[in-house]
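These notes are about the structure you will find just below.
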Amino acid sequence: MSALSKPRAAVIQFPGVNCEYESARALRAAGAEADVLRWNVDSTLLTEYDLFLLPGGFSYQDRIRAGAVAAKERILDAVAEAIELGKPVLGICNGAQVLVEAGFVPGLAGGLELAIAPNRMPDREGYFSDWRFLKSNPESPSWAAALNGSVLPVPFAHGEGRFTSRNEGLFEQLDAAGQIVMRYAKADGSAADGWPVNPNGSVMDVAGICNRAGNVLAMMPHPERCAWLGQVPEMLEGDWGARRQAAMGSWDDLQGPGPGHALFTAMVAAASRRKES
Amino acid sequence: MEAVIEVSRLTEAELAEVLSKYSLTLKLDEARKVEELLGRAPTLTELTLFDTMWSEHCSYKSSRRFLGENLPTDGPDVILGPVEDAGIVRLGTADGRSWGLVLSHESHNHPSQVLPFEGAATGIGGIVRDVYCMGAEVVGVLDPLRFGDPNGAAARRSREIMAGVVDGIWHYGNALGVPNLGGDLVFHPGYDDNCLVNVVALGLVPEDEIVRSRVPKEAADEQYDFILIGKPTDESGFGGAAFASIILDDEEENRGAVQVPDPFLKRVLSQANKAVLDLARVEGVPIGFKDLGAGGIACVSSELAEAGGFGMKVDLARVSVSSDELASRVIACSETQERYGLAVPRRFSERVLRIYNEEFDLPHVYPGACARVVGEVTNDRRYVLTRGDEVLSDSDIEVVTSGIRYDRESAPEVMELPAPVRESNRDLGRDLLMLLADPNICDRSYLYQHYDSEVQGHTCLRPGEGDAGVLSPFMDNPLGLAITCDGNPWYGERDPWRGAALAVCESVRNLACQGGWPLALTDCLNYGNPEKAGPFGAFVEGVRAIGAACRGIGRMTEEETGAEPNDPIPVISGNVSFYNESSRGAAIPPSPIVALAGRVADISRVPGQQFKGAGNPVFMIGERLDEMGGGVYNRLVYASKGGKLPEPDFGKVRAEALVMIQAVQAGMVKAAHDIAEGGLAVCVTEMILGRRPESGRGLKLELPASNLALDIQLFTETGGFVTEIATDRVDDFKALCARHDVEPYRLGEVTEERSLAIAAAGAAVLNLAGDELERAWRRTLPDLFPAGEGGTS
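Protein chains in written order, with our numbering: chain R, -5 to 271; chain G, 942 to 1734.
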């Protein structure tokens, strides 16, 4: 891909987010140009971008609910236009909460259809941070279907990560439509079977959900924290842990792609395809 | 109208009453000295200002002399020693520039005892500001924590304080976007009435972009403004420094002196600061920058000016306040969080204000937050504080910043305690399981899972994965940095000198396990009341020991690997926290806590702590000696702190650390862990279970020949290392050991099966399955947290 044809990514910096720079780095490593844009920039600037990332953090201090205040910002009108145009949008952690609060995900009837609620954990309360495995859904309409059913380890770090809804049957409906893009699973990809493999009590072990068209993905774990092999804990179970151990002693190998890289590559590829079509 | 206190006209009783009425902690003779220095009666605002500036917390009035005499603060890598809020040492060259590593260490002990959540949170807030204001990016924090006995007389309160402190740390630290790289957690009944919450922050700054906390010399040639940035000033934290410098006798009464944290605003401010510092750098505009801490506006403005050799005029009427009702002395001295002071040329002020107030929109992001010009730099070396037309203070600036000194009486106490009478034929497997379940030994994962250790994306060794946290902060260079902290109160209470010396020794070993060359040390010296000869003597011994250890172990680098050091390990920043005792007068155990930062030449060689490859040989460095004193085995098995303490042998520590660092950097090491609390048996168990017990390997161990009893061989706390070596590098490792005159003891080999088998002279000593070890080790800590009271985000 020549430099000229690189898709341009906008990483939106709401007051209080804190993962904007590493998210931009991960997008660059996947072949995009990436800029960090403050929430109050002239929103017409956004029309020049091909893909959008809402990073993790604590936008507006999680006032009211996580993501609720940022979801009312004017800049999201510009994001809504981009979504209409089919441009890829990824919300990670707090960014996922913003996408849900803004009604972009799951985007069935519009408005707030589900919640990302405080974790439910048997022996602890509040914030919880560790690594888990995600089983991706190859049948989903999301660009993340390019992960092709693979199992990837990712770190998560949140106090409110439990996908839930009052609408009965909503998750079954989302499941049928392929909108459940990723689920917490065991290292071999088999079902989580509840706590602690499912770290927050999320309904149906959901870790990431897309909109109906598939261009918007809201996920709680942090792929930007595992975009390089060197970010993977060396004693992690499974294939990626073994790769990390085998890379010991080689800085070049540690600079190679980690499990999260494929997600960003899939997103940037989707933006390129759209741009060229 | 501002009150004037006619100190010299008041009798002792009257003066005492006035001081008490305004909650001032100045001693009577100190108040009289204020009047003498000023040459006139002080205003109430001035008395309040001196109350803060002359507190132990700010003035180091008892400690400064000993710090200066004993601690080495200079060295070939030191860029900035302990003169400002944080020290800076040269890390190395990466991405085409020379990088400074910024290190700062603080305590927030009293606030955390009174209001655990807010106290711990504001502790982080203060320390990261110290690093930000050097122009650095904050890349990590560590939390050394000391709580009362969770099963003792104050069990309930100790557990509540721990849960509150941990909540405060995660609420604040996680929101800030700075990874938590560890710290440690120790329980001791001596902290029942006075917990310790220390915080270490580290930052990175290109050497040519360091910002100093002083008005630049260019202010002699053009007019400089003083800009106050951040949260509106309120009464929170008023009297905080003085509060840190008295004995806690009524936790309820002192709650107002604890500041209110706001990590959200801090994060936005740090982004806006970055934009301002970038602009100043690009345009070549010299500035001075300092965070507001103890003593608030009055302290920051006077110190910024005085450090540059200037004077300052500040008008409190221009300060953004939470309420117009605030008294002048409160506006001048309150410790409201999330504020910075900036000295910039007047021609630049407008653009600075625009970045804060418009681009980052502070007034809308947080009610009342803003940047405002509230004063100006003057050339007359006077400090003038007004509120509109009213003059609150007008004096030579040195009078305000000069400080005060005390000579205290010192009589350190050493506890000589005999070793307990040992039983023979104990079941050492059961003893090991008992140790693993002890609150001071058990798995810390439950704690670490509260912290965000991976934000910023540079973490390569997380808390619990090794004895040090390791970061890989550069994109095209394997240069990394390692950080660890140490301090064992069970040694300190027996012998304050040895306790401090052993803390430095262990910190060096911790870095060495991960191949870290020790670069610079920072200390937080937590002791009791300095007005008493015992606690003050313990402090003096602690400072002497840290100095001796830093000189004795010495600087080590690729070029400097000789048996005798050329230079000491420099102490580049630190903090003294006195008055840590209960209202009943019991001082905490002498608790010097040190943090050591180091340079890792190639982070791809960092081995971590867990055993990796079945069949790999495992070696021990450091002969086992009968040094069970103060150790966890004697405490649990014999309810005794007696016996001989480990002997800090600096030459040996140096030689052994050199072996480990070089072995790691040469790629020989697959896993490494230092031998400390609980001795060899606990060390190897931790290498089996580690942070990822599900991937654990096992160990088949044959104890080296020894005259010591088996329990002593297994549990003595003589320092040392256990390390897994790549099979094909054993000869290299032995040659390296020989070069440094260090004896490697072969212990056995890593097994595929997750279990621990220990034998001596061919006979089994203990055999434990991985599941048994894990069960004993993992459950204790979660059960100490009152689940359900942990708060939510």
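Cβ coordinates follow ideal geometry from the N, Cα and C atoms, glycine included.
**Request:** Say whether chain G places a C-beta atom closer than 9 Å to the C-beta of A221 (chain R).
**Result:** Along the first sequence, read from residue 1 onward, the residue named residue 221 (chain R) stands at position 227. It does: the Cβ of A221 (chain R) has a partner Cβ on chain G nearer than 9 Å.
**Asked** Beta-carbon separation of A1479 (chain G) and C1446 (chain G) under 9 Å?
**Response** Taking the second sequence and counting its residues from 1, one reaches residue 1479 (chain G) at position 538. Taking the second sequence and counting its residues from 1, one reaches residue 1446 (chain G) at position 505. No. Outside cutoff.
**Asked** Where does the unbroken alpha helix (DSSP H) through N1575 (chain G) begin, and where does it stop?
**Response** Within the second sequence, the letter at position 634 stands for residue 1575 (chain G). Unbroken alpha helix (DSSP H) run through N1575 (chain G): V1573 to Y1579.
**Request:** Quick one: grab the DSSP three-state call for M261 (chain R).
**Result:** Reading the first sequence from its first residue, position 267 is the one you call residue 261 (chain R). Correct three-state label for M261 (chain R): helix.
**Prompt:** What is the rounded straight-line gap between the Cα of L39 (chain R) and the Cα of A64 (chain R)?
**Reply:** Here residue 39 (chain R) refers to the residue found at position 45 of the first sequence. Here residue 64 (chain R) refers to the residue found at position 70 of the first sequence. Between L39 (chain R) and A64 (chain R), the C-alpha separation is close to 18 Å.
**Prompt:** In or out: S(-4) (chain R) buried (at least 16 other Cβ within 10 Å) or exposed?
**Reply:** For the purposes of this step, residue -4 (chain R) is identified with residue 2 of the first sequence, where counting begins at 1. Legend: pLDDT at S(-4) (chain R) = 49, less than 50; position of this residue unreliable, no value from coordinates given.
**Span separating the alpha-carbon of A1650 (chain G) from that of M1569 (chain G)** = Position 709 of the second sequence, counted from the first residue, corresponds to residue 1650 (chain G). Position 628 of the second sequence, counted from the first residue, corresponds to residue 1569 (chain G). Taking the straight line joining both Cα atoms gives about 12 Å.
**Message:** Is R237 (chain R) close to chain G? Criterion is C-beta to C-beta, closer than 9 Å.
**Reply:** One-based indexing of the first sequence puts residue 237 (chain R) at position 243. No, R237 (chain R) lies away from the interface with chain G (no Cβ there is under 9 Å from its Cβ).
**Asked** From G172 (chain R) to S134 (chain R), what does the alpha carbon distance come to, in whole angstroms?
**Response** Within the first sequence, residue 172 (chain R) is the residue found at index 178, counting from 1. Within the first sequence, residue 134 (chain R) is the residue found at index 140, counting from 1. Using only the alpha carbons, I get a separation of about 4 Å.
**Request:** Please compile the residues from chain R whose C-beta is within a distance smaller than 7 Å of the C-beta of Q1278 (chain G).
**Result:** On the second sequence, position 337 is the one that residue 1278 (chain G) refers to. None at all; the shortest Cβ gap to chain R is about 14 Å.
**Per-residue DSSP class, three states only, for C1136 (chain G)** = Along the second sequence, one-based indexing puts residue 1136 (chain G) at 195. Here C1136 (chain G) sits in coil by DSSP.
**Asked** Around the C-beta of G1729 (chain G), are 16 or more other C-beta atoms found within 10 angstroms, so that it is buried, or is it exposed?
**Response** Against the second sequence, residue 1729 (chain G) aligns to sequence position 788. Caution applies to G1729 (chain G), whose pLDDT of 42 falls short of 50 and renders its modelled position unreliable; the model cannot decide the point.
**Prompt:** So which residues of chain B does Y121 (chain R) contact, with C-beta pairs closer than 7 Å?
**Reply:** The structure shown contains no chain B; its protein chains are R and G.
**Request:** Locate the alpha helix (DSSP H) running through A1284 (chain G), then write down its first and last residues.
**Result:** By 1-based counting over the second sequence, the position of residue 1284 (chain G) is 343. Element bounds for A1284 (chain G): not the alpha helix (DSSP H) but the beta strand (DSSP E), R1280 to P1286.
**Prompt:** Can you check whether the CB of M115 (chain R) is closer than 9 Å to the CB of N12 (chain R)?
**Reply:** As a position in the first sequence, residue 12 (chain R) is number 18, starting the count at 1. As a position in the first sequence, residue 115 (chain R) is number 121, starting the count at 1. It is not a contact, given that the beta carbons lie outside the stated cut-off.
**Prompt:** From P1227 (chain G) to R1155 (chain G), what does the alpha carbon distance come to, in whole angstroms?
**Reply:** As a working note, residue 1227 (chain G) is residue 286 in the second sequence. As a working note, residue 1155 (chain G) is residue 214 in the second sequence. Using only the alpha carbons, I get a separation of about 10 Å.
**Request:** Taking only beta-carbon positions, decide if K1611 (chain G) is within less than 9 Å of chain R.
**Result:** On the second sequence, residue 1611 (chain G) is found 670 positions in, with the first residue counted as 1. K1611 (chain G) counts as touching chain R.
**Item:** Burial state of Q55 (chain R), where buried means 16 or more other Cβ atoms lie within 10 Å
**Value:** Within the first sequence, residue 55 (chain R) is the residue found at index 61, counting from 1. Taking all protein chains in view, the Cβ of Q55 (chain R) is crowded by 16 or more other Cβ atoms within 10 Å, so the residue is classified as buried.
**Asked** Could you give the distance in angstroms between the alpha-carbon of H255 (chain R) and the alpha-carbon of D124 (chain R)?
**Response** For the purposes of this step, residue 255 (chain R) is taken as residue 261 along the first sequence, with counting starting at 1. For the purposes of this step, residue 124 (chain R) is taken as residue 130 along the first sequence, with counting starting at 1. When rounded, the distance between both Cα atoms is 19 Å.
**Prompt:** Around the Cβ of K1207 (chain G), are there at least 16 other Cβ atoms within 10 angstroms (buried) or fewer (exposed)?
**Reply:** For the purposes of this step, residue 1207 (chain G) is taken as residue 266 along the second sequence, with counting starting at 1. The residue is buried, with at least 16 neighbouring Cβ atoms inside 10 Å.
**Asked** Looking only at C-alpha atoms, which of R:S184, R:A96, R:L211 and R:D117 sits nearest to A264 (chain R)?
**Response** In the first sequence, the residue the question calls residue 264 (chain R) occupies position 270. Per the Cα distances, R:L211.
**Item:** I1616 (chain G), enclosing beta strand (DSSP E) - first and last residue
**Value:** As a position in the second sequence, residue 1616 (chain G) is number 675, starting the count at 1. Taken as a continuous stretch (DSSP letters only), the beta strand (DSSP E) holding I1616 (chain G) covers V1610 to I1616.
**Prompt:** If you check the beta carbons only, do F1301 (chain G) and A1216 (chain G) fall under 9 Å apart?
**Reply:** Here residue 1301 (chain G) refers to the residue found at position 360 of the second sequence. Here residue 1216 (chain G) refers to the residue found at position 275 of the second sequence. In contact: F1301 (chain G) and A1216 (chain G) (Cβ atoms closer than 9 Å).
**Request:** Please determine, among R:N142, R:L168, R:G163 and R:Y178, the residue with the shortest C-alpha to C-alpha distance to R156 (chain R).
**Result:** Your numbering for residue 156 (chain R) matches position 162 in the first sequence. The residue with the shortest Cα to Cα distance from R156 (chain R) is R:Y178.
**Prompt:** Closest Cβ-Cβ distance between R19 (chain R) and chain G: below 9 Å?
**Reply:** For the purposes of this step, residue 19 (chain R) is taken as residue 25 along the first sequence, with counting starting at 1. Interface residue, yes.
**Request:** Give the DSSP-derived three-state secondary structure of G1539 (chain G) in the structure shown.
**Result:** Position 598 of the second sequence, counted from the first residue, corresponds to residue 1539 (chain G). Note: G1539 (chain G) maps to strand in three-state DSSP.
**Request:** In angstroms with no decimal places, state the Cα-to-Cα distance between R1363 (chain G) and A1622 (chain G).
**Result:** Position 422 of the second sequence holds residue 1363 (chain G). Position 681 of the second sequence holds residue 1622 (chain G). Taking the straight line joining both Cα atoms gives about 18 Å.
**Request:** Give, in chain order, every residue of the stretch 1535 to 1546 of chain G whose Cβ lies closer than 9 Å to some Cβ of chain R.
**Result:** D1543, I1544, S1545 and R1546
**Asked** Going straight from the alpha carbon of N906 (chain G) to that of A23 (chain R), what length do you get?
**Response** Only positions 942 to 1734 of chain G appear in the structure, and residue 906 (chain G) is not among them; the question remains open.
**Prompt:** Taking 9 Å as the CB-CB cut-off, is M214 (chain R) touching chain G?
**Reply:** For this step, residue 214 (chain R) is matched to residue 220 along the first sequence. M214 (chain R) does not count as touching chain G.
**Prompt:** Using a Cβ-Cβ distance under 9 Å, would G1398 (chain G) count as near chain R?
**Reply:** Indexing the second sequence from 1 puts residue 1398 (chain G) at position 457. Among the CB atoms of chain R, one or more fall inside 9 Å of the CB of G1398 (chain G).
**Prompt:** So, are the CB atoms of G1620 (chain G) and Y1574 (chain G) less than 9 Å apart?
**Reply:** As a working note, residue 1620 (chain G) is residue 679 in the second sequence. As a working note, residue 1574 (chain G) is residue 633 in the second sequence. Yes, Cβ-Cβ distance for G1620 (chain G) and Y1574 (chain G) is below 9 Å.
**Request:** Within 10 angstroms of the Cβ of D902 (chain G), are there 16 or more other Cβ atoms? Answer buried if so, exposed if not.
**Result:** Residue coverage of chain G in this structure runs from 942 to 1734, which leaves residue 902 (chain G) outside it and unanswerable.
**Message:** Between which residues of its own chain and G1124 (chain G) is the CB-CB distance below 7 Å, once the five residues before and five after are set aside?
**Reply:** Position 183 of the second sequence, counted from the first residue, corresponds to residue 1124 (chain G). Once the five neighbours on either side are set aside, the close Cβ partners of G1124 (chain G) are L1083, D1084, P1085, L1086 and C1426.
**Item:** Contact residues within the stretch 34 to 53 of chain R, judged by C-beta distance below 7 Å to chain G
**Value:** N34, G51 and F52
**Item:** Buried versus exposed, by CB contacts within 10 Å (16 or more), N1648 (chain G)
**Value:** Here residue 1648 (chain G) is taken as the residue at index 707 of the second sequence, counted from 1. Exposed: under 16 other Cβ atoms inside 10 Å.
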